[in-house]
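*Asks:* In terms of the working numbering, the sequence shown opens at residue 1172 and continues consecutively.
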Amino acid sequence: MDTEKHQEKIIKSFYQPELEFEVKRDLYRILESESSFKQEDVDLDPLYDRICNTIAENQKLIKRKRLIHWVKYAASSAAIFVLGVLFYVLFVQSYFNQKDKMEFTFIAPSQSISETILPDGTRIFLNSNSKIRYHLNTIDDVREVFLNGEAWFDVRKNSRVPFVVHTSNYRVLVHGTKFNVCAYGNKQEVVTTLQEGSIEILPVEGKKNISSLKLKPGQQFTLYKSTGSVDLKNVQAGFSSLWKEPEVRFENKSFKDLLTMLEGRYNVHFVVKDPELFNYHYDGTIRNEALGKVLDILKETLPFRYVIEEKGIIHIEKQ
């Protein structure tokens, strides 16, 4: 194995997400094929140091040129590297700790949106304060992802190997499709919206908390945690995943819809004191800026003021 070349590929993959799939495959094959690759022989320090040095150099370049990269969504672009280090360390260490369940965890920190590609080619966007985990060596049996937070999936179709998204309240069986799942632990509902293809809602394994239900494109399934009740309705499916877009253009969009989109993008909750504000509409573009700046821009055309409290609560009232 050419260690130097492999490390170069890992570092490049942090700049180029399209290489991520190839790197994961390479690591998996190397670990599977080289029985002499023992834990005591692994020295992650050189690779870690090189990545940290690259991060430092990248941060200087960012400051000098004042670049903004859409992937960071209000975080430093060095976060991409941190997530890459996290991937490499968790990937390798989990292999040695429990080879029969090689687990990978992917995290999107607060106020950031992250993208990853699974070994099967499935593409995932992860919203702020979210994480997924999956077992790499189950790819030939069943593809399973465990979600805490919100994610948008573009699942690579494979009729022989099912793809399942696990949340704390139900499972989503996927047949090659695009859909959004919002399953934050601190929210009172779990919402799945189908954009393309076909999915099936299933109860948590071993439980009968809900009945199985197949969704059609444009349908949204909601489970309310406090009561256990469910709701199925037709929606504009693309609206549920606007949080992952670097720039969103609105034409005559209601203030209520705007706040709903911002809640998803920034993982916050708005408390509106004056319902009259919902009668207002907005034309314009919202970019990946800090939430305070976005609200200040909206205030230029809409008559409201806001107060940001701790724990992601924002109070809105008419000005």
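Built from N, CA and C at the ideal position, the CB exists for glycine as well.
Could you pull the start and end residues of the beta strand (DSSP E) that L1344 belongs to?
*Replies:* Y1341 to V1345
*Asks:* With distance defined between alpha-carbon atoms, name the residue in L1318, G1435, E1481 and R1314 nearest to S1330.
*Replies:* Looking at the Cα atoms, R1314 is the closest of the given residues.
*Asks:* I'd like the span of the beta strand (DSSP E) that includes F1426, first residue to last.
*Replies:* Taken as a continuous stretch (DSSP letters only), F1426 belongs to no beta strand (DSSP E), being part of the alpha helix (DSSP H) at F1426 to Y1437.
*Asks:* For K1385, which three-state DSSP category applies?
*Replies:* strand
*Asks:* Which stretch, first to last residue, makes up the beta strand (DSSP E) that contains L1473?
*Replies:* First-last for L1473: undefined, no H or E at that position.
*Asks:* Quick check on DSSP: helix, strand or coil for K1501?
*Replies:* Only positions 1172 to 1490 of the chain appear in the structure, and residue 1501 is not among them; the question remains open.
*Asks:* Short check: CB of N1380 to CB of T1364, under 8 angstroms?
*Replies:* no
*Asks:* Going by the CB atoms, is the gap between L1344 and V1332 shorter than 8 angstroms?
*Replies:* The answer is no: Cβ separation not under 8 angstroms.
*Asks:* Quick check on DSSP: helix, strand or coil for G1377?
*Replies:* coil
*Asks:* Once the 5 residues before and after K1427 are set aside, which same chain residues still bring their CB inside 6 angstroms of it?
*Replies:* F1449
*Asks:* Buried or exposed: K1482, going by 16 or more other Cβ atoms within 10 Å of its Cβ?
*Replies:* exposed
*Asks:* Based on Cα-Cα distance, which residue from E1460, K1387 and L1297 lies nearest to S1285?
*Replies:* L1297
*Asks:* In terms of residues, what are the limits of the beta strand (DSSP E) holding W1323?
*Replies:* R1314 to D1325
*Asks:* Where does Q1407 land, buried or exposed, given buried means 16+ other C-beta within 10 angstroms?
*Replies:* exposed
*Asks:* Please state whether DSSP places L1413 in a helix, a strand or coil.
*Replies:* helix
*Asks:* Going by the beta-carbon positions, is the gap between K1378 and E1447 smaller than 8 angstroms?
*Replies:* no
*Asks:* Excluding the five sequence neighbours on either side, which residues of its own chain have a C-beta within less than 6 angstroms of the C-beta of V1419, listed in chain order?
*Replies:* Within the same chain, V1419 has close Cβ partners L1413 and I1457.
*Asks:* Indicate the three-state DSSP secondary structure (helix, strand or coil) for E1418 in the structure shown.
*Replies:* In this structure, DSSP gives E1418 an extended state, which the three-state scheme calls strand.
*Asks:* Measuring alpha carbon to alpha carbon, tell me which of G1463, E1360 and W1323 ends up nearest S1339.
*Replies:* E1360
*Asks:* Please classify N1405: does DSSP put it in a helix, a strand, or coil?
*Replies:* strand
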